[in-house]
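Peer 1: Sharing a structure here in C-alpha cells format.
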Amino acid sequence: MSGTFVGMPAFPRAAHDAVRDTTLRGNLRHATHTIRAKRAKAVAEVSDWAELREAGKRIKDHTLRHLDRYLEQLEESVTAAGGTVHWAADAEEANRIVADLVKATGETEVVKVKSMATQEIGLNEALEAEGIRAYETDLAELIVQLGKDRPSHILVPAIHRNRGEIRDIFTREMSEWGRPAPDGLTDTPAELAEAARLHLREKFLRAKVGISGANFMVAETGTLVVVESEGNGRMCLTLPETLISVVGIEKIVPTWQDLEVFLQTLPRSSTAERMNPYTSTWTGTTDGDGPAAFHLVLLDNGRTDTLADEVGRQALRCIRCSACLNVCPVYERAGGHAYGSVYPGPIGAILSPQLRGTGSEIDASLPYASSLCGACYEVCPVAIDIPEVLVHLRERVVQGGPATREGNKVVLKPAKGHAAERAAMRAAQWAFTRPGVLRTGQRLASRTRRLHPRTLPGPGRAWSGTRDLPAVPAEPFRDWWQRTHGTGEDGGAK
Amino acid sequence: MSSRERILGRVRRALADAERDEGPYERAVERGYLREHGGRSTAATVELLAENLADYRAVVHRCTAGELPAVIAGLLAARGARTVLVPPGLPDRWLAVAEAERVPDRSESTPHELDRVDSVVTACAVAVAETGTIVLDGGPDQGRRRITLVPDHHVCVVRVPGQVVSSVPQALERLDPLRPLTWISGPSATSDIELDRVEGVHGPRTLEVVLVSGGDQ
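Chains A and U are the protein sequences, given in the same order.
Per this note's numbering, numbering through the first sequence is continuous, rising by one, with the last residue being 494.
Per this note's numbering, numbering through the second sequence is continuous, rising by one, with the last residue being 711.
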C-alpha cells in the first residue's frame with residue numbers, strides 16, 4: 001500500500017486532536033446516528049438475516065481458500081467475453097498499467113467512479129504525474145477532491161463535512177475544475193446535489209476513458225458488478241469508449257447465484273436501503289452498447305500477505321459496506337482521518353496493518369484503536385470477527401513473530417514502546433507456570449492489600465489513570481477452596 | 495516472472511495450510527436463507543412492488559394493455575416532453591398516440607445529442623417486488639444502457655404479473671449474466687450529505703413506472 005498519508009502520526013495523537021474538533025464531532029455524531037437506526041430497520045425487514053450473513057461468510061471463505069483457482073477462472077471468462085486482464089502485484093505496478101492504458105488512448109483526462117482500490121494505490125496522484133487529470137464523480141469524492149481533503153469514510157468519504165461546509169467548498173472551488181457553482185447556492189442537500197449534477201455533466205458527456213473499481217467479480221461468467229446510488233457509476237461505465245477497472249483480487253465470488261446473497265446484504269448494511277438506486281453488471285464488452293474496450297487490473301498490493309495469516313485472512317471477506325464504521329464508538333469520536341488510511345474505522349484497523357505491515361508508527365498503533373466492544377462484529381454482513389483480529393495483531397505488534405511481506409516469510413521484531421507490557425506478560429507467564437510462586441504471590445498480595453496504591457506507578461500510570469485497579473480479596477481463591485473444600489492435598493486444582 | 499505468476503504463486507504459498515475442497519461448489523456452501531420472504535398471492539406481489547417503488551420515490555401508474563398508449567402519451571404530455579428516445583423493439587402501439595417526436599436509439603448518437611432529449615420510454619426484463627427494483631437487460635424493447643441514463647425522465651413499462659418476481663434470488667435466476675444489466679430502484683439519489691437520502695443526482699430525476707396488466711401488451 002502506498003501513496004497516501006505519509007508521515008501520519010500514531011492513532012492516539014491524531015485522535016487527540018480530532019476529539020477536540022467540535023464541528024467534526026457534531027458532524028460524525030449526526031451522520032452515524034442517522035444511519036445506525038436506519039440500518040437496524042432495513043436489516044429487521046428480512047427474517048433470514050442470520051442465514052444470509054452466514055452464507056456470505058461461507059462463500060467468501062470458500063473463495064479465498066481456492067483463490068488461485070477462481071482467479072484463473074475469472075481471467076478466462078473475462079477474456080472470453082472480450083476484456084483484457086492485467087495483473088498488478090503492488091500499487092506502483094497498477095498505477096503504471098492504468099497510466100499506460102490511458103496514454104494509449106491519447107486522452108489526458110478520465111472520469112472515475114468511486115473506488116476504494118484506486119484510493120488505496122493513490123491512482124489520481126500517479127496519473128497527475130503523467131499529465132492525466134482524473135475527475136472524481138461520486139458526490140462525496142467530489143467534495144473531498146475539490147476541498148483538497150482526505151477521505152474519512154468508506155462509503156461517504158466526506159462524512160466529516162456538513163452541508164454548510166460543502167456549500168462553501170462548491171462555491172469556492174468548482175470554477176477551478178470546470179463549471180462554477182450556481183450563483184446564490186444554498187446549503188439544502190437538493191441544491192448541492194443539483195450543483196454537482198451540473199458541474200459533472202459536461203465531464204461525463206465528453207469523457208473517452210472511465211475508471212472504476214468493482215464490488216464483485218463473478219468467476220464463472222466474468223461479470224463485474226458496481227453498486228451505486230447517484231448514476232455517476234452508470235455514466236462512467238457506459239458513456240466512455242474505454243473502461244478500466246482496478247479490482248482487488250479478493251472481490252471474486254464463484255457463481256452468478258452468489259450475488260443473491262450480497263445484493264441483499266450490501267445495500268442494507270451500507271446505505272440502509274432495501275436496494276441501492278443503481279446496480280450495473282457487465283461481462284466483457286457488448287457490441288454497440290457501452291465501452292468497446294474493457295481492461296481489468298487485478299490488484300494484489302498486500303492482499304496475498306493478508307491471506308497468508310490464518311487469523312487475519314478473514315479481513316479479506318470485507319465487502320466495504322462500512323456498517324462497522326457507523327456503529328463504532330471510537331470512529332464516531334475520532335473520525336476517519338485519525339486512522340491514517342483510506343480504510344478507517346474497525347475494518348481499517350485490521351486491514352491497513354495487514355496490507356501495509358505493522359512497520360510504521362500509525363500501522364503499529366491501529367490494532368489499539370478499539371475498545372474491543374464487538375459492535376463491529378455484530379453488524380458485519382460477512383461476520384468478520386474484528387475484535388479477534390485486533391487482539392491477534394496486538395500480539396504481533398508486541399511480540400513480533402512470523403508474518404508475510406510481499407510474498408516472503410519474515411520474522412518481525414517486537415515493536416518499540418511496548419517494553420513494560422512485554423515485561424508484565426513475561427512476569428505473569430513465569431508466575432502462572434510455577435504454582436508455588438503464584439500461591440506465595442497471591443497470599444502476599446492479600447495480606448498487604450490495605451497498602452496498595454490506587455494508581456499504578458511508572459509505566460502503568462497511564463493505564464490506571466482511566467481505570468479502577470481491581471480490588472484484591474482478603475483471601476486468595478485457592479486458599480478459600482482449600483479451607484472449605486480441602487481434601488488434605490493441595491486444593492485439588494493444579 | 496510475470497506478475498500473474500508472482501501473484502498466483504503468493505496465493506498458493508499463502509494457502510499452504512488451508513484445507514482444499516475438491517467437491518462440487520453447490521455442496522461447498524450451505525444456503526440456509528430464503529428464496530423469498532413470505533408467501534404472497536400474485537396480486538399481493540404486484541401490490542408490494544408498487545408500494546416499494548413508491549417508497550423510493552418512483553411514480554407508479556397502473557393500467558390495462560388497452561389504456562397503455564393513452565397513459566404513456568399523457569405522461570409525456572404532462573412532462574412537456576417534446577422529444578422521446580425509443581428503443582428499436584418497443585411495441586409501436588405504445589407510442590401510437592404520443593405527440594412527442596421520436597428519437598431512435600442509434601449507436602452513432604453522441605452523449606451530447608442524448609442529453610438534449612427530454613424523455614425515454616422502455617420496457618424492462620424483470621421487476622423485483624421485495625426491493626422495488628426494475629431490471630433492464632438491453633433487450634430490443636429496452637435499448638442501450640445509456641438511453642435510460644442521460645435523459646432526465648424515464649418511463650418504464652412493467653408487464654404484470656408476468657415480469658414480476660418476489661425476490662432478488664428469483665430475479666437472478668431469470669437474468670442472463672452475459673447481457674449488460676442495469677438494476678434501478680427509484681430515481682438517482684445520494685446519501686453523501688450527512689448520510690441522508692436525497693433524490694436526483696446524475697441519472698433520471700424522474701422515474702415513472704407503468705404497471706400494465708392483461709391482454710396483448
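Idealized CB from N, CA, C, for every residue including glycine.
For I169(A), which residues in the same chain have their Cβ closer than 7 Å to its Cβ, ignoring the five residues on either side in sequence?
Peer 2: As a first step, residue 169(A) must be located in the first sequence, where it is residue number 169. Excluding residues within five positions, the ones whose Cβ falls inside 7 Å are I143, L146, G147.
Peer 1: If the cut is a Cβ gap below 7 Å, which residues of chain A does A439(U) touch?
Peer 2: Examination of residue 439(U) is not possible in this model, given that chain U is present from 495 through 711 alone.
Peer 1: I need the straight-line Cα distance from T676(U) to R639(U), nearest angstrom please.
Peer 2: Translated into positions along the second sequence, residue 676(U) becomes position 182. Translated into positions along the second sequence, residue 639(U) becomes position 145. Here the C-alpha atom of T676(U) lies approximately 7 Å from the C-alpha atom of R639(U).
Peer 1: Hey, out of L192(A), P157(A), H337(A), P387(A), whose CA is closest to R575(A)'s CA?
Peer 2: A question about residue 575(A) goes unanswered here, because the residues of chain A that appear run from 1 up to 494.
Peer 1: Please name the residue or residues paired with C324(A) in a DSSP beta bridge.
Peer 2: As a working mapping, residue 324(A) is identified with position 324 in the first sequence. C324(A) is not bridged to any residue.
Peer 1: What residues of chain U sit near H30(A), judged by a beta carbon separation below 7 Å?
Peer 2: The residue given as residue 30(A) occupies position 30 in the first sequence. Simply E688.
Peer 1: Are R534(U) and S660(U) closer than 8 Å when you measure CB to CB?
Peer 2: Numbered from 1 along the second sequence, position 40 holds the residue referred to as residue 534(U). Numbered from 1 along the second sequence, position 166 holds the residue referred to as residue 660(U). It is a contact, given that the beta carbons lie within the stated cut-off.
Peer 1: My assumption, with CB atoms under 8 Å, is that S115(A) sits in contact with S229(A). Please give the rounded CB distance.
Peer 2: Against the first sequence, residue 115(A) aligns to sequence position 115. Against the first sequence, residue 229(A) aligns to sequence position 229. Between S229(A) and S115(A) the Cβ distance is about 15 Å, and since that is not below 8 Å, they are no contact.
Peer 1: Along chain A, in chain order, which residues have C-beta atoms closer than 9 Å to that of T627(U)?
Peer 2: Mapped onto the second sequence, residue 627(U) falls at position 133. The contacting residues are R274, M275, T279.
Peer 1: Would you mind stating whether P12(A) and E361(A) have Cβ atoms separated by less than 8 Å?
Peer 2: Position 12 of the first sequence, counted from the first residue, corresponds to residue 12(A). Position 361 of the first sequence, counted from the first residue, corresponds to residue 361(A). Result no, Cβ atoms of P12(A) and E361(A) do not sit closer than 8 Å.
Peer 1: How would you write the range of the beta strand (DSSP E) that W49(A) sits in, first residue to last?
Peer 2: Looking up residue 49(A) in the first sequence gives position 49. For W49(A), there is no enclosing beta strand (DSSP E); the enclosing alpha helix (DSSP H) has its first and last residue at 49–65.
Peer 1: Would you check if there are 3 or more beta carbon pairs closer than 8 Å linking the segment 529–547 of chain U to the segment 566–579 of chain U?
Peer 2: Cβ pair count under 8 Å is below three, so no.
Peer 1: With H, G and I counted as helix, E and B as strand and the rest as coil, what does DSSP make of E241(A)?
Peer 2: Numbered from 1 along the first sequence, position 241 holds the residue referred to as residue 241(A). In this structure, E241(A) counts as coil in the three-state DSSP scheme.
Peer 1: Closer than 8 Å, Cβ to Cβ, to anything on chain A: give me those residues from the segment 496–508 of chain U, in chain order.
Peer 2: S496, S497, R498, R500, I501, L502, G503, R504, V505, R506, R507, A508
Peer 1: Report whether the distance from the Cβ of L355(A) to the nearest heavy atom of the ligand HEM is below 7 Å.
Peer 2: Looking at this structure, you won't find the ligand HEM or any other ligand, since it has none at all.
Peer 1: Taking G460(A) as the reference, which of R449(A), E421(A), E475(A), R478(A) has the closest Cα?
Peer 2: Taking the first residue of the first sequence as position 1, residue 460(A) is located at position 460. Out of R449(A), E421(A), E475(A), R478(A), E421(A) has the C-alpha closest to the C-alpha of G460(A).
Peer 1: Quick check on this structure: which residue in E260(A), L316(A), A181(A) has the alpha carbon closest to the alpha carbon of R529(U)?
Peer 2: To locate residue 529(U), count along the second sequence from 1; it is residue 35. R529(U) has its Cα closest to that of E260(A), out of E260(A), L316(A), A181(A).
Peer 1: Got a sec: which bits of the segment 647–679 of chain U sit with their beta carbon under 7 Å from any beta carbon on chain A, in order along the chain?
Peer 2: V662, P663, L666, P671, L672, P674, L675, T676, W677, I678, S679
Peer 1: Please confirm whether E595(U) has its beta-carbon closer than 8 Å to some beta-carbon of chain A.
Peer 2: Stepping through the second sequence from its first residue, residue 595(U) is reached at position 101. By this cut-off, E595(U) is not an interface position.
Peer 1: When DSSP builds the beta bridges, which residues end up paired with R443(A)?
Peer 2: Reading the first sequence from its first residue, position 443 is the one you call residue 443(A). Looking at the DSSP assignment, R443(A) forms no beta bridge with any residue, so it has no partner.
Peer 1: To the nearest angstrom, report how far apart A15(A) and E51(A) are at their CA atoms.
Peer 2: For this step, residue 15(A) is matched to residue 15 along the first sequence. For this step, residue 51(A) is matched to residue 51 along the first sequence. Computed Cα separation, rounded: 37 Å.
Peer 1: Check whether the Cβ of E230(A) lies closer than 8 Å to any Cβ atom in chain U.
Peer 2: The residue you call residue 230(A) lines up with position 230 of the first sequence. Yes, its Cβ sits closer than 8 Å to a Cβ of chain U.
Peer 1: Would you say D305(A) and E194(A) are within 8 Å of each other, going by their C-beta atoms?
Peer 2: Translated into the one-based positions of the first sequence, residue 305(A) becomes position 305. Translated into the one-based positions of the first sequence, residue 194(A) becomes position 194. Result no, Cβ atoms of D305(A) and E194(A) do not sit closer than 8 Å.
Peer 1: Using the beta-carbon of each residue, which ones in chain U are nearer than 8 Å to I244(A)?
Peer 2: Walking along the first sequence from the start, residue 244(A) turns up at place 244. Simply none; closest approach about 16 Å.
Peer 1: Once the 5 residues before and after L501(A) are set aside, which same chain residues still bring their CB inside 7 Å of it?
Peer 2: In the structure as shown, chain A starts at 1 and stops at 494, and residue 501(A) therefore has no counterpart that could be examined.
Peer 1: Which stretch, first to last residue, makes up the beta strand (DSSP E) that contains P605(U)?
Peer 2: By 1-based counting over the second sequence, the position of residue 605(U) is 111. Per DSSP, P605(U) belongs to no beta strand (DSSP E); it is in the alpha helix (DSSP H), 605–609.
Peer 1: Please say whether I59(A) and V523(U) have beta carbons closer to each other than 8 Å?
Peer 2: For the purposes of this step, residue 523(U) is taken as the residue at position 29 of the second sequence. For the purposes of this step, residue 59(A) is taken as the residue at position 59 of the first sequence. Taking 8 Å as the cut-off, the Cβ atoms of V523(U) and I59(A) count as close.
Peer 1: With 16 as the cutoff for other CB atoms within 10 Å, does P634(U) come out buried or exposed?
Peer 2: The count along the second sequence starts at 1 and reaches residue 634(U) at position 140. That one is exposed.
Peer 1: In angstroms, rounded to a whole number, what distance separates the CA positions of H66(A) and A99(A)?
Peer 2: As a first step, residue 66(A) is located in the first sequence; it is residue number 66 there, counting from the start. As a first step, residue 99(A) is located in the first sequence; it is residue number 99 there, counting from the start. In a straight line, the C-alpha of H66(A) is about 31 Å away from that of A99(A).
Peer 1: Is there a Cβ of chain A sitting closer than 8 Å to that of T684(U), yes or no?
Peer 2: Here residue 684(U) corresponds to residue number 190 of the second sequence, with the count starting at 1. T684(U) counts as touching chain A.
Peer 1: Between the segment 240–269 of chain A and chain U, which residues of the former have CB atoms less than 9 Å from a CB of the latter, in chain order?
Peer 2: I249, P254, T255, W256, Q257, D258, L259, E260, V261, L263, Q264, P267
Peer 1: In chain A, what lies closer than 9 Å to E561(U) by C-beta?
Peer 2: Translated into positions along the second sequence, residue 561(U) becomes position 67. By Cβ distance, chain A contributes nothing, its closest Cβ being about 28 Å from E561(U), past 9 Å.
Peer 1: Excluding the 5 residues flanking R333(A) on each side, which residues of the same chain have their C-beta closer than 8 Å to its C-beta?
Peer 2: Start at 1 with the first residue of the first sequence, and residue 333(A) comes out as number 333. Contacts found: A15, A18, V19, R25, L28.
Peer 1: Skipping 5 residues on each side, what residues in its chain have a beta carbon closer than 7 Å to that of A665(U)?
Peer 2: Start at 1 with the first residue of the second sequence, and residue 665(U) comes out as number 171. Excluding sequence neighbours, A665(U) sits near V620, V622, V629, V659.
Peer 1: Just to confirm, is the Cβ distance from I154(A) to Y377(A) under 8 Å?
Peer 2: Your numbering for residue 154(A) matches position 154 in the first sequence. Your numbering for residue 377(A) matches position 377 in the first sequence. Going by C-beta atoms, I154(A) is not nearer than 8 Å to Y377(A).
Peer 1: Rounded to whole angstroms, what's the CA-CA distance from L266(A) to V43(A)? Just pull it up for me.
Peer 2: As a first step, residue 266(A) is located in the first sequence; it is residue number 266 there, counting from the start. As a first step, residue 43(A) is located in the first sequence; it is residue number 43 there, counting from the start. Their backbone Cα atoms lie some 10 Å apart in a straight line.
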